[in-house]
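Worksheet: the structure to be examined is printed underneath.
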Amino acid sequence: MAPLADLHEDHILQAVVLALNPHQTLLQHGPKELVPLVNTPLLDYTLDWLERSGVDETIVYCRAHTHADKIRQHCRAHSDKWGFTTRRGDCGMKVCVVASEDCHSMGDAMRDLYAKSLLKDDFFLVHGDVVATIDLKSLMMKHRERRMADKSIIMTCVYLNCNQGNLGDEEAQATLITDAVTGKLLSHQRPSKNNTAKFLLPTELFQNSSDLKVVPEAHDPSIAVCSEAVPSLFSDNFDYGSRDSLIRGVIEQEELLGYTICCEILDSGYATRVSSFNFYEKVSGEVIRRMSYPMVSEVSLTSHRIRYMYDTFTNNYWEPSAKFHKGSGGTNVVVGAGSEISMTAELQWSVIGDHCIIEDNVKANTAFIMNNVVIKAGCVLDHCFLGDNVTLEENVRLAPGCIVGPGVILGPDITVAAATRLVAIPPEDEFDQHHVSLEPDPVICGAKGRAFVIEPEEVEEDEEEALNGELVDEDEEDEVSDEASDSPHMSDEDEQREHEFKREMMESLTNALRESSASENVVLEINASRHAYNMSMEDVLTTVTQGIIRAGEDKISEDCSVESLWRTVKISITAFKDVLRNYIRKARDQVLVMNAIELLMTESPRYLPVAQKIFFELNQSFEILDDEVVIHWFKKGGAATSAFPSLKNAIERFVVWLEQEEESDDSEEQDD
């Protein structure tokens, strides 16, 4: 292992910065990564941190839309400033921008970088909205030391212990279970929306490790040290869209993939993502309080020169050209170049950009004001954000959570309700038709105002962030059961792709049954088809379940007896039991299997007479379906298709028998 001093000579340190967020969280006309945080673009914090950590080459990966050009221009300016003079005395950190039209997730970015062979060795994977001071070079050394001892390790995820400070916000929390000796990540769970005080502890973890470490509230800044195998793994698994989905896949398929993930839980240092307005507000305050040292407000992150005056008593910062007196205006305030602040204004925990005017008796508490903003006398701002070129006429009051987009004019004498989002131009739909009138409503924006209310964008949750537990909860099962009815209509191309995948799976299983192929070979063939058609694991499990039941159809006639039909189905289930087991990792997968059987009854009612025997075989003979999961699924109404009433009648006696067995077992345990 090379010593620390030689690390730079032996390895080129690379970093991938993801700038993929398509949502304009703060209604800015540009990428989120360029939104100023304490008058410095978010991306500058990330690049400065990487440069300080000794990274040689940084790839900023973004979507190829109009924002990509702005990010490219910004990074080019960074290269001009950092490319020739750095504290390390070499040629500096190289920054390049890679953009793609088809990139919608981290998985897409990793697959594209793998195809372009841009990643040469171990690399850091971060987001373009991270503010951090932790030592990356030491993390890289620990990662490489672990890999030398265990070649199966492909990634080290970095977390911070919430006990060190107020970093444990629910939005970025994770519950971790690790091997206390090796640091191997055994379970990774996000807080439940219904009850964050509970988490699941899979009992099988105790079978493989005698010394477990449970971290119930780790702060996750989405920082990882990755080996070159990570892009390859994303490329091989098209249903991996996020880091969480990769972690879950590696943990659940460790034996199949042969990979493991470690985690490094730090007790000191600062690292967090500005992933929402709540975090924007929180991190701004922490930067003002100098918690992100050496990245402090008075020092420019590009030139590394002093840009603001700083008063230690009031904790105020101001650019010398600003008309702001350090003894007035409150405390914990940052004022940009050319701004004019009235002596009677009362400001607390607020950031004012360049060339702003704040008149008499303005009160601002935790307000974030961008450039060229005019706030006239008597206005009150509380926990809000104002974009560039906003004008507030006299006596405008903004309640907490208001976000005002660039160019908006409000007032005079109005109050904007809490959490209102305003833009200067009416929002448009996908056909470029305005949802609202082109004329602003004076009730909303005032007599002199121009503003339009928009609803917050609903961001879909990543379907890969399901719970890792053994038992499915009611909310999760409802989500699975309603997939067929709630899913959006597919395009003709998607339908054709799904049809071709099902046809190919049916042929593969039929041939495998005829030729008595080994289970591992069948699994390899299924996985190859899955990747070729870019199908999700849910689609695979549904198709495989139905295909196994129907694999012997070519041997039976339409008028065959129930006994003949069952004989054929039983032979197929017995032959493919290990194939089905390969894709069932938890209770949610079992629910998908039962939903698939129900859907099959909708398409082929001929299998209804043997439905009870199918359930018995999967539950009793091969123990693929657990008793409690079958009972719970049955009582919840299955997948709620038109076939469920008939299926319910067919398997009701079996489910009643299972319940009696469960009650009998409980009674015996109580007697003991």
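Residue 80 in the numbering used here is what sits at position 89 of the sequence shown, and the numbering runs on without skipping anything.
Where is the CB? At the ideal position from N, CA and C, for every residue including glycine.
| Query | Result |
| --- | --- |
| Option nearest residue 148 by Cα separation, candidates 312, 216, 371 and 541 | 216 |
| The region 220 to 235 touching the region 125 to 141, judged by at least three CB pairs closer than 8 Å | no |
| Rounded C-alpha distance that separates residue 354 from residue 430 | 30 Å |
| Residue from 530, 546, 326 and 176 with nearest C-alpha to residue 502 | 546 |
| Nearest neighbour of residue 400, chosen from 641, 446, 442 and 367 [CA to CA] | 442 |
| Buried or exposed by the 16-neighbour rule on C-beta atoms within 10 Å, applied to residue 297 | exposed |
| Given 8 Å, three or more beta-carbon pairs between the region 330 to 339 and the region 251 to 267 | no |
| Cβ-Cβ distance between residue 689 and residue 363 below 9 Å | The structure shown does not extend to residue 689, since the chain spans only -8 to 663, so no value can be given for it. |
| Nearest to residue 170 (by Cα), restricted to the options 205, 142, 150 and 143 | 205 |
| As assigned by DSSP and simplified to three states, the class of residue 9 | strand |
| Inter-residue spacing [alpha-carbon to alpha-carbon] between residue 112 and residue 533 | 38 Å |
| Residue 707, enclosing alpha helix (DSSP H) - first and last residue | Shown here, the chain extends from -8 to 663; a query on residue 707 therefore has no answer. |
| Whole-angstrom distance between residue 579 and residue 620, CA atom to CA atom | 9 Å |
| Three or more C-beta pairs below 8 Å linking the region 551 to 565 and the region 519 to 531 | no |
| Nearest candidate by alpha-carbon position, reference residue 4, set 132, 382 and 179 | 132 |
| Where the alpha helix (DSSP H) containing residue 590 begins and where it ends | 578 to 594 |
| Option nearest residue 261 by Cα separation, candidates 54, 356 and 151 | 151 |
| Alpha helix (DSSP H) runs contained entirely in the region 105 to 183, provided each spans 4 or more residues | 127 to 140 |
| Element boundaries [alpha helix (DSSP H), containing residue 440] | Looking at the DSSP string, residue 440 is not in any alpha helix (DSSP H), and its letter there is neither H nor E. |
| When 233, 535 and 145 are compared against residue 581, the one with the closest alpha-carbon | 535 |
| Under 9 Å between C-beta atoms of residue 288 and residue 274 | no |
| Given residue 695 as reference, the closest of 440, 505 and 575 once Cα atoms are compared | What the structure shows of the chain is the stretch from -8 to 663, and residue 695 is not part of that stretch, so it cannot be assessed. |
| Contact the region 49 to 63 vs the region 379 to 394: 3+ CB pairs below 8 Å | no |
| Closest residue to residue 175 among 242, 348, 129 and 114 (Cα-Cα distance) | 242 |
| Proximal residues to residue 603 (C-beta, below 8 Å), its chain only, five neighbours per side dropped | 641, 642, 644 and 645 |
| When 368, 393 and 653 are compared against residue 376, the one with the closest alpha-carbon | 393 |
| Residue of 552, 227, 416 and 116 minimising C-alpha distance to residue 10 | 116 |
| Buried or exposed (CB count within 10 angstroms, at least 16 for buried), residue 379 | buried |
| Limits of the unbroken beta strand (DSSP E) element including residue 229 | Note, residue 229: premise wrong, no beta strand (DSSP E); not H, not E. |
| Beta-carbon separation (whole angstroms), residue 585 vs residue 624, contact threshold 8 Å | 5 Å |
| Spatial neighbours of residue 497 in its chain, beta-carbon cut-off 8 Å, leaving aside the 5 residues before and after | 538, 541 and 542 |
| DSSP three-state assignment for residue 271, whether helix, strand or coil | helix |
| Bridge-paired residues (DSSP) for residue 407 | 389 |
| Cβ neighbours of residue 87 in the same chain (closer than 8 Å, five flanking residues each side left out) | 48, 49, 50, 51 and 66 |
| Residue 264 and residue 122 closer than 9 Å at C-beta | yes |
| Where the beta strand (DSSP E) containing residue 362 begins and where it ends | Unbroken run through residue 362: none, as it is neither H nor E. |
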